[in-house]
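Below: one structure, written as structure tokens.
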Amino acid sequence: MYPCWFLSPCFIWLEFLDYTTEFSGEIIIVGDLNFHLDDVSDCGGRRFTESLSDRGLVQQVEGPTHIRGHTLDVIISRENSSILFGEPSIEDTQIYNDKSNAFLDHFAVHSRINLSKPARLKKSLTIRKINNIDVESFKADIDTNCFIHNNDPDIENLFKSHNSDLKAVLDKHAPVQTKIITIRPNTEWYGDKIRKAKVKRRKAERTMRKTKLEDKNSRPSTTVPTVVLLNKSKSFLAFGYDAEEQYSALALDEEHHDYYYFCGLKMLQHEIKHTRQTMIKDEHGKEMPALDILSLVIKNLKGHLLETVRSRNALGTKDVIHWVLTVPAIWTEYGIQFMREASKKVT
């Protein structure tokens with residue numbers, strides 16, 4: 009016996025459909041239901057289908073999506089919509105446990121979506137590099153050129169002259185520069201609350217590193233982004249959040265172009281069949297040997313750990329440490345062997 013979905017959950021569903029269909033654009037709704045949509049005798053399934061057709065929507069998946077039969081998984085779009093390329097396909101993933109029982113009770117439903125990535129919004133900014141001003145030279149120019157040498161008795165003229173002279177001196181030492189930036193991220197869910205939470209989290213992490221705070225309530229996430237920053241001579245500068253912050257500061261001053269900034273090293277290890285000659289590109293397309301980059305990261309992590317151990321007098325010598333490198337279970341043998349090669353380069 010199926011639950012009577014035409015109670016409170018029904019009204020929530022109908023309100024959701026009414027709200028969603030008010031928009032003029034394309035619609036895709038996906039989910040896993042407890043209705044046998046392929047069974048015409050199923051009351052709940054019929055009512056669900058009617059709720060779609062009354063609003064110009066259609067359920068696109070045809071065929072059993074569960075190991076016991078019946079269509080339980082849905083992809084819903086507008087009638088006569090072009091958002092999908094062809095009909096969705098259903099695939100038995102054939103994943104079994106150690107007792108040869110199906111690990112998943114649902115099949116995989118695949119569909120190609122007719123979407124193009126929207127262009128990122130651009131914004132024009134005007135900036136002055138105030139921090140680069142030579143203070144002594146700036147003070148000398150103010151003393152030489154500004155209104156203290158102007159004897160005009162009219163206060164309004166004096167004010168205008170003062171403002172014009174100061175602006176001329178400022179333009180000389182820190183001229184206005186225009187730069188075009190890409191507004192990131194281009195996602196509706198990334199709002200002010202998430203942005204503020206991200207700033208707060210990074211502030212907490214910096215506080216922890218400086219104060220060696222151990223309070224569990226102020227301890228941030230133990231994971232860091234797999235990002236590495238190298239200087240112009242390809243020497244190691246920073247890793248993780250430190251690399252992100254230093255690179256952001258360089259980018260704001262337009263001084264980042266000669267640096268090497270590599271992102272997503274963890275996934276690169278998983279996705280690429282590495283050899284000792286494998287090259288990877290940074291944000292600007294500059295190439296370096298992947299083996300060298302990974303070795304620099306491992307060396308930095310090793311040095312950071314040894315420094316922490318020594319500061320706490322936990323060990324007398326580094327020789328008593330047995331080093332173990334762990335890798336994600338999804339990594340291929342190529343990635344695992346590449347990690348071994350990189351670790352051997354670290355002394």
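Note that the working numbering has the sequence shown beginning at 9, numbered continuously upward.
Quick reminder that beta carbons are idealized off the backbone N, C-alpha and C, glycines included.
query = Are the segment 126-134 and the segment 78-91 touching by the rule of at least three beta carbon pairs closer than 8 Å?
reply = no
task = Return the chain-ordered ranges of every alpha helix (DSSP H) run that is complete within the segment 108-164 and spans a minimum of 4 residues.
result = 143-153
message = Quick check: what's the CA-CA separation for Tyr10 versus Gly52?
response = Note that Tyr10 has pLDDT 37, beneath the 50 cutoff, so the model's placement of it is unreliable and no number is given.
ask   = Out of curiosity, what's the CA-to-CA distance linking Pro292 and Asp266?
value = At residue 292 the sequence reads His, which differs from the Pro that was named. Rounded to whole angstroms, His292 to Asp266 spans 9 Å at the Cα level.
message = Can you tell me where the beta strand (DSSP E) holding Gly94 begins and where it ends?
response = 92-99
query = Between His78 and Asp46, is the Cβ-Cβ spacing less than 8 Å?
reply = yes
ask   = Cβ atoms of Val38 and Val66: under 8 Å apart, would you say?
value = no
Rounded C-alpha distance that separates Gln286 from Glu23 = Note on identity: in this sequence residue 286 is Thr, with Gln being the wrong assignment. Each residue's Cα considered, the two are about 54 Å apart.
task = Apply the 10 Å Cβ neighbour rule to Gln185 and answer buried if 16 or more other Cβ atoms are within range, or exposed otherwise.
result = exposed
Rounded straight-line distance, which links the Cα of Gln102 to that of Ala110 = 7 Å
Separation of Lys137 from Asp261, as counted between CA atoms = 8 Å
request  = With DSSP as the reference, please indicate the residues paired to Tyr104 in a beta bridge.
outcome  = Ala110
query = For Leu80, which residues from the same chain have a beta carbon less than 8 Å from its beta carbon, with the 5 sequence-adjacent residues on both sides left out?
reply = Asp40, Leu41, Asn42, Phe43, His44, Leu45, Thr73, His74, His114
query = Between Leu166 and Thr152, what straight-line distance do the alpha-carbon atoms span, to the nearest angstrom?
reply = 16 Å
task = Put Val66 into one of helix, strand or coil per three-state DSSP.
result = strand
request  = Can you grab the Cα-Cα spacing for the pair Ile189 / Tyr269, in whole Å?
outcome  = 18 Å
request  = Answer with buried or exposed for Tyr255, where buried requires no fewer than 16 other C-beta atoms within 10 angstroms of its C-beta.
outcome  = buried
query = Does DSSP put Tyr342 in a helix, a strand or coil?
reply = helix
Simplified DSSP state of Tyr267, which is helix, strand or coil = coil
key: Closest Cα partner of Val317 within the set Leu237, Ile329, Asn122   = Ile329
request  = Compute the Euclidean distance between the alpha carbons of Cys12 and Arg55, then round it to the nearest angstrom.
outcome  = The pLDDT assigned to Cys12 is 43, lower than 50, so where the model puts this residue is not dependable; a value taken from the coordinates is nonetheless given after this. About 11 Å.
query = Could you give the distance in angstroms between the alpha-carbon of Asp106 and the alpha-carbon of Glu99?
reply = 21 Å
message = At the level of alpha carbons, what is the spacing between Lys310 and Thr28?
response = 52 Å
key: Anticipated Cβ contact below 8 Å, Ala350 with Leu302, distance rounded   = 4 Å
key: DSSP state of Glu34 mapped onto helix, strand, coil   = coil
key: For Leu166, three-class secondary structure by DSSP   = helix
query = Given Lys125, which residues of its chain have a CB within under 7 Å of its CB, disregarding the five upstream and five downstream residues?
reply = none
task = With Asp300 as the anchor, note down where its beta strand (DSSP E) starts and where it stops.
result = Here Asp300 belongs to no beta strand (DSSP E); instead the alpha helix (DSSP H) covers 298-319.
task = Give the DSSP-derived three-state secondary structure of Leu174 in the structure shown.
result = helix
task = Alpha carbon to alpha carbon, how far is Phe247 from Glu34? Give it in angstroms, no decimals.
result = 42 Å
ask   = Between the Cα of Asp62 and the Cα atoms of Glu70, Glu263, Glu87, which residue gives the shortest distance?
value = Glu87
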